[in-house]
Amino acid sequence: MSIEHHQHPPVHPPRRTLMGPGPSDVSASVLAALGAPTVGHLDPYFLKVMDEVQDMLREIFQTRNELTLAVSGTGSSGMEACVVNLLEAGDKIVVCTNGVFGGRMADVAGRIGAEVVQIERPFGEVFSVEEIKEVLEKEKPKVLGIVHAETSTGAAQPLKEISEAVHEADALLLVDCVTSLGGMPVKVDEWNIDAAYSGTQKCLSCPPGLAPVTFSSRAVAAMDARKTKVSSWYLDMSMVRSYWGDSRAYHHTAPINMNYGLHQALRLVLEEGLENRFSRHYSNHCALKAGLKAIGVEFAVAEDHQLPMLNAVKIPDGIDDATIRGQLLKWFGIEIGGGLGPMKGKTWRIGLMGESSCNTNVLQFLSALELCLLQAGYELPPGASVAAANDFYRTTITG
Ligand SMILES: *Cc1c(COP(=O)(O)O)cnc(C)c1O
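In full-length UniProt numbering, the protein residues as written are 1 to 399.
The following block contains the structure:
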């Protein structure tokens, strides 16, 4: 007998507080935009939406790059789009790997036959300009790829000086901005980044489904000088770009409603203002940190490289990772992330991304965590974390 699908109830997802490594909480107006009437991919109305999405993305990437658009697919499709368009088989890329996402970039490049050189740092650490200079001198790559905000470890990679070194070596700088965009400064033009990709589901607070990308004129020139076709038909920017550009040539059907959602999410980012948004992310990170410190929970990353939107903390001795995360979800509807790779079972990843970065989430999470930890026999002064976070907020609240 065949399954009668119409007998399944309609989807009715639970309401969660998303404080993991993504997706983040999505505002009601973004969800509403996703449900607006679908139009055709060449409808004049949709073409206007596309133009406005590009405009707003340029503002958020802080760039004047003409080639700035939203690739179909999640953040990983942005990664793949950048790698496969910039590199041909035999081209050399240096990938800086200090977490899961650097490793992925290397994997993508290897699959198209690029010559991949990886330099590594332990999870949670960042790269120095000196070691970048050294590898550039030795390898003379076409591209150097690096992750700005390593979501798997919670570490923030400074880029400005690295960019200077990359350009002195006449290479292209490719940066993963999936988690940083919309939560901390990403200055594509000022930092001279040649190709950057992001995703909708982290600090832009739109459901997963699109990948904003931007390419400098140097990157475009490198793509125009290719001898071979881009190995991915779907992600070939020479074709995608003529649909987003003046010729509007059909390539694949844009995910219409996802673009509506992104349009609204970008409007919210710009309405708040980039600087306000960055300081909101930073201040909630500080409040969370003050709260965790008061109950003896430490950060896994050194103070000067901590990401504001992804807080990787050490799980206290004797506490079971899965039990606490399960209780947070079951009792409070709060999702946080576990560690990845060597950090699995040893760290929690607490996201304060986009809409999720707010004082109510910080306070609710701290009080929920206290309860779960007390339940597990961990000794702490009850209420101390909430009091410490509130102390922080008291000194910053105005009006
Ligand atoms: C989430 C993430 C990705 C992958 O994005 P998806 O939307 O999961 O495809 C890539 N890089 C970083 C740094 C990320 O945080």
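Here a beta-carbon is modelled for each residue, glycine too, at the ideal position from N, C-alpha and C.
Residue i: beta carbon under 7 Å from a heavy atom of ligand 1?
i: P208; result: yes
i: M79; result: yes
i: A149; result: yes
i: S27; result: no
i: D76; result: The amino acid occupying residue 76 in the given sequence is Ser; Asp does not appear at that position. Because some heavy atom of ligand 1 lies under 7 Å away, the Cβ of S76 counts as near it: yes.
i: P21; result: yes
i: F61; result: no
i: D107; result: no
i: Q375; result: no
i: F127; result: no
i: T179; result: yes
Is the CB-CB distance between residue i and residue j below 8 Å?
i: A196; j: C177; result: yes
i: G183; j: G22; result: no
i: D25; j: S205; result: yes
i: V95; j: A81; result: no
i: L310; j: T74; result: no
i: A165; j: I132; result: yes
i: F392; j: V186; result: no
i: V386; j: L366; result: yes
i: G318; j: L380; result: no
Quick check on this structure: which residue in the options has the alpha carbon closest to the alpha carbon of residue i?
i: T395; options: N284, G351 and K346; result: N284
i: G351; options: L274, S180 and D246; result: S180
i: N390; options: L268, N361, C372 and L144; result: N361
i: E161; options: N192, P141, E150 and E139; result: N192
i: D189; options: A149, R64 and K48; result: R64
i: L136; options: E272, V116, G154 and T200; result: V116
i: residue 400; options: R58, K142, V129 and A36; result: Nothing about residue 400 can be read from this structure; the chain reaches only from 1 to 399.
i: D236; options: A28, I295, K48 and S77; result: S77
i: A368; options: H8, A387, Q327 and F123; result: Q327
i: V301; options: L329, P122 and R218; result: P122
i: G261; options: G199, A169 and G333; result: G199
i: D194; options: V220, P207 and Q201; result: V220
Quick one: Cα of residue i to Cα of residue j, how far?
i: residue 404; j: E271; result: Because residue 404 is not part of the residues shown, which for the chain are 1 to 399, the question remains open.
i: M79; j: L31; result: 25 Å
i: Q7; j: R349; result: 38 Å
i: K289; j: F299; result: 8 Å
i: V240; j: R248; result: 9 Å
i: V49; j: H263; result: 7 Å
i: G251; j: S27; result: The sequence shown places His at residue 251, rather than the Gly named in the question. If I take the Cα positions, the gap works out to 31 Å.
Residue i: beta carbon under 7 Å from a heavy atom of ligand 3?
i: K202; result: Ligand 3 is not part of this structure, which contains only ligand 1.
In the region 190-277, which residue ranges form an unbroken beta strand (DSSP E) of at least 3 residues, counting only runs that do not cross its ends?
For secondary structure counted as the beta strand (DSSP E) over 3 or more consecutive residues, the region 190-277 holds these complete runs in sequence order: 195-197 and 210-215.
Which complete alpha helix (DSSP H) runs does the region 30-106 hold, if anything under 4 residues is left out?
Runs of the alpha helix (DSSP H) inside the region 30-106: 44-61 and 75-86.
Could you give the uninterrupted runs of the alpha helix (DSSP H) lying entirely in the region 272-333, keeping only those of 4 residues or more?
Listed in chain order, they are 274-294 and 321-332.
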